[in-house]
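Below: the structure, in structure tokens.
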Amino acid sequence: MEDIALRNLFSKVINAVGCTVAGLHDFSRLVPMLTKLGARHVSYGVSEAAYWQVLGEALDLTLSEILGDAYTHEVQSSWSMVYNFMSSIMVQGLRAAIQQQQQQQQ
């Protein structure tokens, strides 16, 4: 990855996934943290949940390239499960923030 912005984004995604894995034992803290993280994306100009799907696909391709033969179906399924769990909560946070922003503008 030559682009510094992409490198920073990838680092943030990996950090979020790592925090999700580390926090799986405590949903009462994890879910609000991910919800707030998703809501913050309103300030980044994110207005569509589709970005998370594209990012998930990019993560999958990147891991496949980096891990090679070690990126087995089981490993892929595990990464996918964690990413989908994390991103679904973040998307809920984003949607709630967008709705709140729209209500404030009325």
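Quick note: this note's numbering has the sequence shown finishing at residue 764, numbered continuously throughout.
C-beta atoms are modelled at their ideal positions from N, C-alpha and C, and glycine is treated no differently.
Starting from the N-terminal side, write out each stretch of the alpha helix (DSSP H) that is 4 residues or longer and does not extend beyond the segment 660 to 729.
-> Segments of the alpha helix (DSSP H) lying fully in the segment 660 to 729: 662 to 681, 685 to 698 and 708 to 725.
Status (buried if at least 16 other CB within 10 Å, exposed otherwise) for T730 = By the 10 Å Cβ count, T730 comes out exposed.
Where does Q762 sit, in a helix, a strand or coil, going by DSSP?
-> Taken through DSSP and simplified to helix, strand or coil, Q762 comes out as helix.
Sorted by chain position, which residues of the same chain lie with C-beta nearer than 7 Å to Y741's C-beta, five sequence neighbours on each side aside?
-> Shown here for Y741: same chain residues with a beta carbon closer than 7 Å to its own, the five before and five after excluded, namely V675, G714 and L717 in chain order.
Would you kindly check if the distance between the Cβ of Q750 and the Cβ of T693 is under 8 Å?
-> Yes. Within cutoff.
State buried or exposed for I724, treating a residue as buried only when at least 16 other CB atoms are found within 10 Å of its CB.
-> Residue environment: I724 is assigned as exposed (fewer than 16 neighbouring CB atoms within 10 Å of its CB, all protein chains considered).
Tell whether a beta-carbon distance below 8 Å holds between I756 and V700.
-> Yes. Within cutoff.
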